Amino acid sequence: MPEKKRLVEISNATYSYPQTSVEALKNISLSISEGEYIAVLGCNGSGKSTLARMLSGFFSPDSGSVQINGDIIPGIVFQQPKEQIVAGVVERDTAFGPQNLDMDKSEIELRTMECLSVVSLADKALSRTFELSLGQTQRLAFSGILALFPDLLILDEVTAMLDPASRTEILQLIDKWNRSGHAIVHITHDRDEAMRAGRIIVMENASLVFDGPRTDFFSRTDLQLKLFGDDSILFSSDDGIKTEGEISLRAKNLTFSYPGQKVFENISLELRSGTLTALTGPSGCGKSTLFECLSGLKECEGEILASERPVLSLQESEAALFETYAADDVAFGPKKRGVKGEALVERVKNSMELCGLPYGTFADRGTFNLSGGEKRKLSLAGTVALDSQIVIFDEPTSALDPISRIKVLQMMRSLARSGKTVLFSTHRMEEADYADVQISWKKLNGSSKSEAESKLEDKTSPESGLKKMGVMQNSSILKSLQKTSAALMAPPKAPRSLIGSMPAVIKTLLFMVLFFTTVAAGNAYFLLSMLALSIAYALLSKYPLRKTLTAFVKLLPWLLFFAAVQFFLYSSSADSSTVIFEKGFLRLTRGKIENTLKIFVRAPAILTILGTYIYTTSEREIMDGISGLLKPLAMIKIPVRYFVLVIGIMFRFIPLLLDELSGIIKTQLIRGAFDGKKGFAKLKILIPLFVPLILQTFRKSQYLADALTARYFR
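Mind the numbering: the sequence shown is residues 532 to 1245 in the working numbering, read in order.
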C-alpha cells in the first residue's frame, strides 16, 4: 500500500501572541497525512484555535518549524463565524473564494449554489449577510470555505451554534468529504463528534498531551473525565423539578417582522418565578429576536407584562464586552445600579465564580485576550451581576467545553433556586431536559391567535404585580444604526443598468473621476454642474435618489454646524469680495455665502456618487476594479495588493463596525447605562463607547484580513 502524502508537518513549535508573555502553544509536534480524520479536544483556552491557525499557515512559530505541502489547499472555518464573512450578500460571500482561484464564471456559480444547498442556505442566496442569525452565519462561513474544495479542511467548532438537524447534516457532509480522500481536522467539545474521527489529539495548557487512535483515547477514562466531566451530577439533585410559582412574565400574541419578512406571529408564553425554562428550536427561527423583544431591545406587536424588565445575555458574547479588564466589565452594570465599595467587589467576585471564572485568576486579565469560551463566561457573569429577577440567556453554553457547560447549567439552576425567573435557549436536548419547563419553538410559533389567547386567559389576577413592558428607553439608537448600516450596503441584486453592466475597472475609474473631481471642485458653478452630473450618473444606474435625500437629511445638523464654523472662521482680511452686510464683528460677504452654499451642493453630490457606486458594484468588483487600475504599478513590482485590501476592508468595514457598535449599545442598554439620560447626558455616555469600538476596529481589521487570506485573496 503506497505511503500517504504528508500535508503538514509541525516540529517542536512554540508560539506566543504579540505583546503577551503567555505561551499559546508549547513545543508542539505532529504531522497530518491525506485522508486522515482528526478530532482535536481540550478545555477552553487550551490552545486549540491557535493550533488551527498555525496549521492553516496564518503565522510561523517563535521556535520550531511548520511545513505545509505547497501542492495543497488548506481551508479553515473559524470559531467565530462573523469573523469569516467577507461580502455583504450570501451568494457573493460563498463565491469569493472560487473567484480568487481564477475559476471560470460557470464553475463559480455551480460551486456557489452547490455549497449553499449543502448547508441549507440556498433560499437565502440573495439575503444580506448581516440579516442572518448567528447559526446561519456559521453555516455560511462553512459554505465559503467548502467552495474552495480544500485538501485539508480545518474546522474550529463549526457545529457549536447549530440545531440538531443542521448539525447532523454538517457532520454527514464532513464524513463524506473525508471518505473522498480529503483530510479533516475537527476541533470540538463533543464526545459524539470525536467518535467519528480515527485519530484524537488532546490539548491542555497549550501543550499536546495525547495523540493516538480513537480506540486508545476511549480506553483512557481519566482523559475523558477531565474533558467531558460527569453530567450525571446535573440530574442527581434532590431539589426536584419546579413548575409552579408566581407568574413573573406573560407575553400575549407577539408578532415581529422585518421589511418583507415575518419572523414570528401570535406567540404567547408565561414564565414563573423560581423556574428554569428552556426554549429549543432550529437556527434562524427567531429565538434571539423574541428574546430581544421580551427584554425591550426590539419593538413588536402584542403585549408583554412582567414584574420587572427582563435582562438579556446576548448570544454573541464578544459584542457584549467593552471594558479593558474582566472584573471592570462585570462591575459595569452593578455600578450603574448604585452598588459600591465592598458590596460591588463581592457582587463581581460571586458572579465570576458562579460562571466558572475564578476571580483571583481572571479579575485583572485583559478582556480581549481571553479565549472564546472565557469571553462567553465573562459576558454571562456581567448579566448575573445585575441581580435581576428575570434573566434571559441566549445560547449560554455555545462553544463551551463540557465541564464549563455543566457549570453554566448549574449557575442557571442556582439563580432559579434563589427565586429568579430564568429562560435560556439551547440546541442540546440534554440541556433542555435539565430545565423545569421545556418550550418547543415549533409548538410556540404554531398556534393561531385564538389558541394563543385562550392559553393565557384569566390566569393572572390584577394583584399579580405584572406591569406592561414597552420598548427600552433610548433603544431608538439601535434602529438608527440598523438603518444606517443597510443604507451603506449594496442591495442583494441591483437592477440591470448601463452603469451596472460596465466592467469593474471602467466602473471604478468613472466613480473615481466623478468623486475626486467633486471633492476638488472650487468654483460654485462647476460644483452645480457636478451635482447635475451625479444625478445623471445615479439615473443611468437606476439608483434610488431617495437614499441620497435620506442620508442628506441625517447629515444636515452636522453640515449646518460645519457651515457655521466656516462662516465665522473664514478670514475677512483675505476676502476681497463684495460686502453685503456688516455690523460689528459680523461681516457678510459674497465669498462667505458662496463657500457656505458649496457645502450644501458638494455634500449631496458626493453622497449620490458614493451611494451609486456601492449600489452598482459588489465587494469583489470594487477590489477587481482597483486592482485593474493599479496593474501598471504591480507590473513594476510595487505591492499594490495591500492598498486594494485596505479599500476592500473600508467598504466591508463600515456596516461591520456599525453592527459591532450595535452590540455594545445593546449591552449598555441592558446594563442600565442610558437609564433616564437625554440630550447631552446621552452623548456623554456615547463618547466613551468609541474607545472599545476603536479596539474592536483593530481586532476586526485583523479578523477580516485573516478571512480574506483564508479565501486565497492575493
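Virtual Cβ for every residue (Gly too), placed ideally from N, Cα, C. In this text the structure is predicted, and so the values were computed from the model without any measurement.
Margin query: Assuming contact is defined by CB atoms lying nearer than 8 angstroms, are I1066 and L1076 in contact in what I supplied?
Written below: Contact check for I1066 against L1076 passes: the beta carbons are separated by less than 8 angstroms.
Check: For M1033, which residues from the same chain have a beta carbon less than 8 angstroms from its beta carbon, with the 5 sequence-adjacent residues on both sides left out?
Finding: Hits under 8 angstroms: L1041.
Margin query: Quick check: the Cα distance between T952 and G1203, rounded to an integer number of angstroms?
Written below: If you draw a straight line from the Cα of T952 to the Cα of G1203, it is about 19 angstroms long.
Next item on the list: Give me the Cβ distance between S956 and D925, rounded to the nearest whole Å; I'm assuming they're in contact under 8 angstroms.
Entry: With a Cβ gap of about 6 angstroms, S956 and D925 count as contacting.
Note to self: Does Y1056 pass the burial test, meaning 16 or more other C-beta atoms within 10 Å, or should it be called exposed?
What the structure shows: Flag for Y1056 reads exposed.
Item checked: D682 (DSSP reduced to helix, strand or coil) -> Three-state DSSP puts D682 in coil, outside helix and strand.
Checklist line | Unbroken beta strand (DSSP E) run spanning P744, endpoints | finding: 738–744 is the extent of the beta strand (DSSP E) around P744.
Item checked: Distance between beta carbons of S587 and P605, contact taken as under 8 angstroms -> Distance from P605 to S587 at the Cβ level is roughly 5 angstroms; contact confirmed, criterion being Cβ atoms closer than 8 angstroms.
Item checked: Residues near S738 by beta carbon distance below 6 angstroms, same chain, minus five either side -> Within the same chain, K557 come within 6 angstroms of S738 by CB-CB distance, once the 5 residues on both sides are set aside.
Note to self: Measuring only the C-alpha atoms, how far is A809 from L954?
What the structure shows: Answer to the nearest angstrom: the Cα atoms are 6 angstroms apart.
Next item on the list: Could you tell me which uninterrupted beta strand (DSSP E) segments, each at least 3 residues in length, are contained entirely in the segment 767–838, listed from first to last along the chain?
Entry: 778–789, 792–803, 807–811, 832–837, all fully within the segment 767–838.
Next item on the list: Along the alpha helix (DSSP H) that carries I715, what are the first and last residues, could you check?
Entry: Per DSSP, I715 belongs to no alpha helix (DSSP H); it is in the beta strand (DSSP E), 714–718.
Check: Among I559, K829, E830, G776, which one has its Cα closest to the Cα of N1252?
Finding: The structure shown does not extend to residue 1252, since the chain is modelled only from 532 to 1245, so the question has no answer here.
Next item on the list: For K783, count neighbouring Cβ atoms within 10 angstroms of its own Cβ and tell me buried if that reaches 16, exposed if not.
Entry: Buried: at least 16 other Cβ atoms inside 10 Å.
Next item on the list: Return the residue from the list I731, Q610, G712, D654 that minimises the CA-CA distance to A570.
Entry: Looking from the CA of A570, the closest CA among I731, Q610, G712, D654 belongs to I731.
Notebook entry, point to check: With a Cβ-Cβ cutoff of 8 angstroms, do A857 and T898 count as a contact?
Noted result: For A857 and T898, yes; Cβs fall inside 8 angstroms.
Check: What does a CB cutoff of less than 6 angstroms around K829 pick up in its chain, not counting 5 residues either side in sequence?
Finding: Excluding sequence neighbours, K829 sits near E823.
Notebook entry, point to check: Going straight from the alpha carbon of K536 to that of A1035, what length do you get?
Noted result: C-alpha separation (whole angstroms): 41 angstroms.
Next item on the list: Using a threshold of 8 angstroms, state whether the C-beta atoms of E622 and A656 are closer than that.
Entry: Yes, Cβ-Cβ distance for E622 and A656 is below 8 angstroms.
Note to self: Alpha carbons only, please: which of C646, M1166, G904 is nearest the one belonging to P629?
What the structure shows: When only C-alpha atoms are compared, the closest one is C646.
Checklist line | Three-state class that DSSP yields for A544 in the structure shown | finding: It is a strand residue.
Notebook entry, point to check: In this structure, does DSSP put E554 in helix, strand or coil?
Noted result: In the structure shown, E554 sits in a strand (DSSP, three-state: E or B).
Next item on the list: Within its chain, find whatever has a CB closer than 7 angstroms to the CB of Y548; leave out the 5 residues flanking it on each side and keep chain order.
Entry: Within the same chain, Cβ atoms closer than 7 angstroms to the Cβ of Y548 are found at A555, the five residues on either side in sequence being excluded.
Checklist line | Same chain, Cβ closer than 8 angstroms to H713, neighbours up to 5 away in sequence not counted | finding: Around H713: E565, G566, P681, D682, L683, L684.
Margin query: Tell me the rounded alpha-carbon separation between K1024 and T719.
Written below: Those two C-alpha atoms are separated by around 37 angstroms.
Margin query: With a threshold of 6 angstroms on Cβ separation, who are the neighbours of C816 within its own chain once the five nearest residues in sequence on each side are excluded?
Written below: Within the same chain, and ignoring the five residues on either side of C816 in sequence, the residues whose Cβ sits closer than 6 angstroms to its Cβ are W972.
Item checked: Residue nearest to T1157 in terms of C-alpha spacing, selected from V1171, Y1146, I1195 -> One point to set straight first is that residue 1157 is Ile, not Thr, in the sequence displayed. Sorting V1171, Y1146, I1195 by C-alpha distance to the C-alpha of I1157 places V1171 at the top.
Check: DSSP puts A570 in a beta bridge; with which residues?
Finding: Per the DSSP secondary-structure output, A570 pairs in a beta bridge with H717, I731.
Note to self: Just checking S848 against the ligand ATP - is the residue's beta carbon closer than 7 angstroms to any of the ligand's heavy atoms?
What the structure shows: Ligands are entirely absent from the displayed structure, and the ligand ATP is therefore not among its contents.
Note to self: I need the boundaries of the alpha helix (DSSP H) containing G872, first residue and last residue.
What the structure shows: Taken as a continuous stretch (DSSP letters only), the alpha helix (DSSP H) holding G872 covers 872–885.
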